[in-house]
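**Q** In full-length UniProt numbering, the protein residues as written are 1 to 737.
Beta carbons: idealized from backbone N, C-alpha and C, even for Gly.
The structure presented is a predicted model; accordingly, all values stated were derived computationally and were not measured.
Quick one: this structure, given as structure tokens, is what I'll be asking you about.
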DNA sequence: CGCTGGGGG
């Protein structure tokens with residue numbers, strides 16, 4: 001196609017979009033209001049068109065237009081598309097900015113970016129003086145960063161819109177139609193502009209196999225397979241998309257589907273996974289990217305494609321030609337668990353709105369059908385109306401530090417669209433205090449100011465800064481990078497391959513020369529980096545090359561930030577005498593003393609936080625089954641399956657954390673909440689300090705051990721164990737016939 | 001002796 005023809009088609013295409021006839025009214029509405037809410041379903045064209053209208057109307061004279069997206073790929077692809085429509089080179093008038101990838105220049109006036117990037121920019125310039133308009137897109141997804149930006153912009157515009165600026169900032173909030181009243185009310189009853197979408201009807205039917213009683217079982221995998229096969233053998237042409245929760249489940253479902261398909265005479269030999277006109281394709285995030293791309297190819301004529309996916313297919317990837325949805329009704333979700341004081345991944349029923357979202361994936365190009373394997377009672381009793389927004393179910397430590405650094409002292413009364421539970425906020429404050437990021441009055445410390453600069457969880461940042469002050473950041477930078485990317489160890493679904501992978505991983509641990517999973521990460525990082533052919537090194541060792549590559553990028557970024565901070569401020573440098581292994585572990589202690597555990601009986605360890613949970617070392621750890629002197633450990637994260645497991649573990653000496661442990665108990669919730677609300681008096685503060693001093697007298701380990709005797713800690717284990725046994729039973733029943 | 005979704009900086 002010639003260039004002019006392409007231009008023509010892009011132009012006429014955009015004129016056909018539902019948003020086009022609202023063009024002038026939209027521009028007027030933005031001109032007249034500080035806040036505007038634009039709602040519209042997929043296909044309305046709001047993401048690509050609105051910024052162009054505003055650009056043509058001259059809004060970029062004073063500054064650029066920022067449009068935020070919750071995901072990197074979205075920011076990139078939309079920017080590419082808009083650059084094409086505006087006939088400019090990407091990075092000139094139209095550009096994008098995501099972590100590790102900045103396609104913007106002095107000329108950029110329409111800038112697509114991730115919400116996280118804009119939040120970093122707010123930290124550098126809270127008045128956002130380079131922008132005339134901020135457009136928050138996909139607000140209904142309720143990503144943590146978007147929610148925070150929403151509150152910050154509301155606060156700023158309602159209180160002092162022109163502070164630090166030569167003209168007032170405008171904010172456009174874009175969202176699906178759902179909950180538009182609530183959003184408008186939140187933004188001071190701002191006007192709502194709704195744009196019709198362009199989707200086709202999807203006919204939904206309920207199944208009968210899964211009911212409210214099945215919330216804790218995995219029996220749905222079998223049901224999903226059955227239903228997918230029914231659709232394949234009875235419905236007209238059109239591809240199938242199946243929603244399940246995780247990799248192993250998906251691999252199992254694909255195996256079952258393949259077996260079923262083999263029982264039919266009529267067969268095709270297209271690829272080894274293809275029989276009877278059914279092309280079965282798994283899809284999940286940790287899959288190699290080229291394998292992921294395979295799902296976009298249209299199947300050979302006469303063959304039906306069946307994609308078995310995680311929630312990645314709900315928003316991140318859009319597959320064309322999907323006509324049938326099979327919905328398991330479950331999702332894997334990261335929830336904050338106060339009992340362990342950490343975020344834990346668990347399988348839960350989806351919300352009704354999420355079910356509608358899944359169904360909608362069948363109606364993008366033509367009318368479709370959605371088959372839900374659960375019954376109406378499950379819909380009524382087990383599924384909430386809406387998904388609880390991320391801000392109400394994950395750890396807030398980073399977020400609260402960011403707010404504090406932005407001068408939001410009263411983090412409880414901050415304008416949240418949905419307020420997190422107060423105890424979650426207090427927990428975050430407590431952690432920040434423990435890491436010395438805020439003081440007893442809730443003010444950010446100089447250390448906290450340094451910590452906020454790093455794109456890491458606060459504990460890791462704390463350890464990294466400690467390493468820097470001891471002059472051993474070269475040990476900690478790779479470890480921090482490795483722990484902030486997805487799991488780098490590949491563990492396949494097939495048992496034979498598992499054995500092979502496990503052996504390789506054990507060899508890697510042995511190579512690091514110490515019983516320390518953090519040191520193994522460091523060793524893997526260094527070995528791969530110094531290898532001539534890093535990608536084949538990864539393959540041989542069952543390591544995710546993609547994950548390791550991103551760890552390399554993260555490490556470089558962290559190194560640069562550290563260097564910048566060192567030039568800007570005085571860094572206290574202490575000297576340390578001892579060996580490397582001890583040095584690394586001591587640094588880790590400053591960030592992980594909240595995750596200390598002591599051997600209780602046999603293989604059971606007991607955490608030293610107020611909860612005193614009983615935990616086991618995960619079998620993937622090099623410390624698994626190690627007896628002997630191993631009495632004290634720190635760990636990176638917790639996994640609740642058949643037991644409460646800790647993963648990424650290293651042995652420590654009690655001496656190293658002795659002085660830090662009292663911090664786990666000295667924080668009083670009442671005072672902290674007063675601090676958060678700016679209600680604390682000098683008198684109260686003095687009493688508090690006295691109380692803390694008294695607590696510090698006692699030996700923390702003995703103190704906790706005593707407390708534990710009074711508690712029935714078996715509950716922690718037996719809960720998890722009971723659920724596991726139930727699931728196991730369920731699996732047996734499913735296999736029996 | 002085991003089983004981690006999807007985002008983001």
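#1: How big is the Cα-Cα spacing for residue 335 and residue 393?
#2: I need the DSSP call for residue 368, collapsed to helix, strand or coil.
#3: May I have the straight-line CA-CA distance separating residue 93 from residue 81, to the nearest angstrom?
#4: Residue 17: which of 47, 32, 589 sits nearest, CA to CA?
#5: Tell me the residue span of the beta strand (DSSP E) that contains residue 209.
#6: Taking all protein chains shown into account, do 16 or more other C-beta atoms lie within 10 angstroms of the C-beta of residue 22, making it buried, or fewer, making it exposed?
#7: Give the single residue among 240, 257, 283 whose Cα lies nearest to the Cα of residue 247.
#8: Would you identify the three-state DSSP class for residue 606, choosing helix, strand or coil?
#9: In its own chain, which residues sit with a C-beta less than 7 Å from the C-beta of residue 482, not counting the 5 before and 5 after it?
#10: If you follow the alpha helix (DSSP H) that residue 292 is in, where does it begin and where does it stop?
#11: Buried or exposed for residue 539, please, with buried defined as at least 16 other CB atoms from any protein chain shown within 10 angstroms of its CB.
#12: In three-state terms, what does DSSP make of residue 557?
#13: Nearest CA to the CA of residue 37: which residue from 130, 195, 152?
#14: What residue range does the alpha helix (DSSP H) around residue 438 cover?
#15: Alpha carbon to alpha carbon, how far is residue 201 from residue 809? Give it in angstroms, no decimals.
#16: What is the DSSP secondary structure of residue 475, counted as helix, strand or coil?
#17: Could you check what DSSP says for residue 148 in three-state terms: helix, strand or coil?
#18: In the DSSP output, what is residue 332 paired with across the bridge?
#19: Got a sec? Which residues, its chain only, sit under 8 Å from residue 451 by beta carbon, not counting five neighbours each side?
#20: To the nearest angstrom, how far is it from the Cα of residue 743 to the Cα of residue 74?
#21: In angstroms, rounded to a whole number, what distance separates the CA positions of residue 600 and residue 245?
#22: Please state whether DSSP places residue 446 in a helix, a strand or coil.
#23: Let me know the secondary structure DSSP gives residue 15 once reduced to three states.
#24: Could you compute how far the alpha carbon of residue 162 sits from the alpha carbon of residue 43?
#25: So what's residue 254 in DSSP terms, helix, strand or just coil?
#26: Would you check if the distance between the CB atom of residue 19 and the CB atom of residue 50 is smaller than 8 Å?
#27: Of all the alpha helix (DSSP H) runs that stay within the bounds of the region 510-595, which reach a length of 4 or more residues?
#28: Who are residue 617's beta bridge partners in DSSP?
#29: Excluding sequence positions up to five away, which residues of its chain have a Cβ less than 8 Å from the Cβ of residue 523?
#30: Taking 7 Å as the cut-off, is the CB of residue 281 close to at least one heavy atom of the ligand FMN?
#31: What would DSSP say about residue 7, mapped onto helix, strand or coil?
#32: Measuring alpha carbon to alpha carbon, tell me which of 364, 243, 492 ends up nearest residue 197.
#33: Counting C-beta neighbours from all protein chains within 10 Å, is the total for residue 636 16 or more, i.e. buried, or is it exposed?
#34: Grab me the residues of residue 86's own chain with a C-beta within less than 7 Å of its C-beta, minus the 5 sequence neighbours each way, in chain order.
#35: Can you give the Cα-Cα distance for residue 207 and residue 193, rounded to whole angstroms?
#36: Determine the DSSP secondary structure at residue 20, reduced to helix, strand or coil.
**A** In short, the structure shows the following:
#1: Taking the straight line joining both Cα atoms gives about 5 Å.
#2: Three-state result, residue 368: strand.
#3: A direct Cα-to-Cα measurement between residue 93 and residue 81 gives close to 13 Å.
#4: Taking only the C-alpha atoms, the option nearest residue 17 is 47.
#5: Per DSSP, residue 209 belongs to the beta strand (DSSP E) from 202-210.
#6: Classification for residue 22: buried.
#7: Checking every option, the nearest Cα to that of residue 247 belongs to 283.
#8: Under the three-state reduction of DSSP, residue 606 is assigned to strand.
#9: Cβ neighbours of residue 482 beyond the five flanking positions: 488, 521, 525, 551.
#10: DSSP places residue 292 inside the alpha helix (DSSP H), whose first and last residues are 289-294.
#11: Answer is exposed; the Cβ neighbour count stays below 16.
#12: Looking at residue 557 - three-state DSSP - the assignment turns out to be helix.
#13: Of 130, 195, 152, the residue nearest in Cα terms is 195.
#14: Element bounds for residue 438: n/a, residue is neither H nor E.
#15: Any question about residue 809 goes unanswered here, given that the chain covers just 1 to 737.
#16: Reduced to three states, the DSSP call for residue 475 is helix.
#17: DSSP places residue 148 in helix when its eight states are reduced to three.
#18: Looking at the DSSP assignment, residue 332 forms a beta bridge with 347.
#19: Excluding sequence neighbours, residue 451 sits near 401, 435, 437, 458, 461, 462, 465.
#20: This structure cannot settle anything about residue 743, because the visible part of the chain is limited to 1 through 737.
#21: The alpha-carbon atoms of residue 600 and residue 245 are separated by roughly 35 Å.
#22: Helix, per DSSP.
#23: Three-state DSSP puts residue 15 in a helix.
#24: Rounded to whole angstroms, residue 162 to residue 43 spans 35 Å at the Cα level.
#25: Residue 254 falls in the helix class under three-state DSSP.
#26: Residue 50 sits close to residue 19, with the two beta carbons spaced by under 8 Å.
#27: Secondary structure remark: continuous alpha helix (DSSP H) runs of at least 4 residues inside the region 510-595, in chain order: 517-529, 534-541, 545-568, 580-592.
#28: In DSSP, residue 617 forms a bridge with 646.
#29: Excluding five sequence positions before and after residue 523, the CB atoms of its chain that fall closer than 8 Å to its own CB belong to 508, 511, 512, 513, given in chain order.
#30: Only the bare structure without any ligand can be found here, which leaves the ligand FMN out of the picture.
#31: Residue confidence for residue 7 is low, a pLDDT of 47 falling below 50, so the modelled location carries little weight; the figure read from the coordinates is stated next. Helix, per DSSP.
#32: Considering only 364, 243, 492, the residue with the shortest C-alpha distance to residue 197 is 364.
#33: Classification of residue 636: buried, given that the 10 Å Cβ count is 16 or more.
#34: Here the set comprises 52, 93, 94.
#35: Their Cα atoms are separated by approximately 37 Å.
#36: In the three-state reduction of the DSSP assignment, residue 20 falls in the helix class, which pools H, G and I.
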